[in-house]
Amino acid sequence: MEVIQPLTKYLLGHWSFTRKFNNGNCGNGIVEFKNKNVNELEYIENGTLVIRDGKLLNASKKYIYMIFNEKLEIYFFENNKSLFQTIKFEKNNRSIHGTGFHKCGKDNYKSKYDFSLDGKFQIKHTVWGPKKNYTSITKFIKQ
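Numbering (the numbering used here), first residue to last: 109 to 251.
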């Protein structure tokens, strides 16, 4: 399944996002995907997190997306040898999607990525552990 070129080209550029948590928090902002290499993109997110009590926090994060034909590997930007998740691709006529898992200490991150290839994509993280228990859904729209 050839997805490197279509997905890399699709993601490049600026995206707006909205993020909702099942604990009442929410957020929004802008993401930029920049080309680093043929199958490597830099994910740069800047936004605002709205805590359920109304407090606003600035939020930013970066990742490295390594796109292969059968999978997407997402690395922490600060240490690009530290893998966050591997997403195994499934593809149909309208989308590329997949799931991944990451264990951070005693916390677990189960994720679902849906690239609809129509100017939108979505990431859902379900997180649980001794100190964390939430689900977030982030919806992206191409700018």
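All C-beta atoms in this analysis are idealised placements derived from N, C-alpha and C, irrespective of residue type, glycine included.
Suppose you measure from the CA of residue i to the CA of residue j; what does that come to, to the nearest Å?
i	j	result
Tyr151	Ile172	6 Å
His205	Asn136	22 Å
Met109	Gln230	Low per-residue confidence applies at Met109: pLDDT is 49, beneath 50, and the placement is therefore not dependable, though the value from the model is reported in the following sentence. Approximately 21 Å, taken between the alpha carbons.
Tyr242	Phe223	22 Å
Lys220	Ser203	13 Å
Leu191	Asp161	33 Å
Ser124	Ile138	4 Å
Gly155	Lys163	14 Å
Asn147	Glu181	10 Å
Leu225	Pro238	37 Å
Lys142	Asp215	30 Å
Val158	Lys240	18 Å
Lys250	Leu119	8 Å
Phe248	Lys189	26 Å
Thr126	Ser168	14 Å
Lys144	Lys218	27 Å
Asn177	Asn201	16 Å
Which residue wins for smallest C-alpha separation from residue i, given the options the options?
i	options	result
Asn187	Ile175, Lys196, Lys170	Lys170
Val235	Tyr221, Asp222, Cys212, Lys228	Cys212
Leu165	Cys134, Asn143, Ile182, Glu181	Cys134
Phe184	Ile159, Lys214, Leu149	Leu149
Asn131	Gln251, Ser244, Ile249	Ser244
Thr116	Gly227, Lys189, Ile175	Ile175
Gln193	Ser168, Lys228, His233	His233
Please state the DSSP three-state secondary structure of residue i.
i	result
Leu225	coil
Lys239	coil
Gln113	helix
Leu119	helix
Gln193	strand
Lys214	coil
Val146	coil
Quick one: using the 10 Å Cβ neighbour count with 16 as the cut-off for buried, is residue i buried or exposed?
i	result
Phe129	buried
Gly208	buried
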